[in-house]
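Heads up, the sequence shown is in the UniProt record's numbering, so the first residue is 1 and it goes up one at a time.
Note that beta-carbon positions come from the ideal geometry of N, C-alpha and C, so glycine has one too.
Every value quoted in this text rests on a predicted model; they were computed, and no experiment measured them.
Take a look at the structure below.
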Amino acid sequence: METKKLKLNLSDLEAKNEQLTLEKRDLQNQTEDLRMNMTKLTAEKMFFENQTKEMTVNMTILQNQNEQLRNNSDKINKTQAAILKHPNLAIFCPDGVCQKCPKNWIESEESCYFFYNLDSYKAWNDSREFCQNMKSDLVVISSHEEQKFIYDTIVFYLDKWHGYWIGLQKVNNIWTWVDDSQDNLG
């Protein structure tokens, strides 16, 4: 009987051993699956970390570009406001470089001045026509500062009796500028 009991115990132990072996194999398979999943997840994590770094760099670049665009937009808006403030303002862009005044003209404050220095003397009407052909007119002096600028800038040609015409004319015994304003500088 004891042999029978031992055989039963042995049979039970072998069955348990078989069951434990199966469970061990199952756990090893699960461990391998988990290891593979962990490797895959680690690779995905690294991929997403790299993507995040790349996106952070791109975001910084875009923020810098956005700031540059904002600065450029501010400059353009200021320039546009200045242009709109002076609708008769001409801007000249020879060779792609923009400037307020044409070549050989002198800029002062909000205006451009051209002093014609040729030996030929022109009458007032001829001088005005010459200016108008250049899309301009004889100067209208509207302040003492402008008057001083013009006086300091001109160079008499020929002699002190031959200078430059200004846009002032006598109309019906009243001194009037070519823009129809009256002389107020006295």
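Exposure of residue i, with buried meaning 16 or more beta-carbon neighbours within 10 Å
i: W177; result: buried
i: V139; result: buried
i: I141; result: buried
Residue i versus residue j: straight-line alpha-carbon distance, rounded
i: E54; j: L62; result: 12 Å
i: N72; j: V97; result: 17 Å
i: N64; j: D74; result: 15 Å
i: Q99; j: V171; result: 36 Å
i: A15; j: L27; result: 18 Å
i: Q19; j: R25; result: 10 Å
i: G167; j: R70; result: 43 Å
i: N17; j: S11; result: 10 Å
i: residue 208; j: K40; result: Past the boundaries of the shown model lies residue 208; the chain is included only from 1 to 186, so the question cannot be answered.
i: N125; j: Y113; result: 18 Å
i: T56; j: N29; result: 40 Å
i: P102; j: E146; result: 19 Å
i: L134; j: Q169; result: Here residue 134 is Met; the residue named in the question, Leu, does not match the sequence. The alpha-carbon atoms of M134 and Q169 are separated by roughly 20 Å.
i: M36; j: T52; result: 24 Å
i: Q80; j: S136; result: 22 Å
i: S181; j: N66; result: 48 Å
i: N9; j: F48; result: 56 Å
i: G163; j: N184; result: 22 Å
i: H144; j: Y121; result: 27 Å
i: N77; j: T42; result: 51 Å
i: N117; j: N104; result: 11 Å
i: L6; j: T31; result: 36 Å
i: L13; j: E44; result: 45 Å
Bridge partner(s) assigned by DSSP for residue i
i: Y116; result: Partner(s): none; Y116 has no beta bridge.
i: T176; result: Q169 and Q182
i: I106; result: Y113
Test item: CB-CB of residue i and residue j under 7 Å
i: S108; j: F149; result: yes
i: F130; j: I154; result: no
i: S127; j: W165; result: yes
Sequence-distant residues of its chain with Cβ nearer than 6 Å to residue i (five each side left out)
i: M46; result: none
Beta-carbon contacts of residue i that lie in its chain and below 8 Å, excluding the five residues immediately before and after
i: N173; result: none
i: T60; result: none
i: I106; result: C112, Y113, F114, F115 and T153
i: M1; result: none
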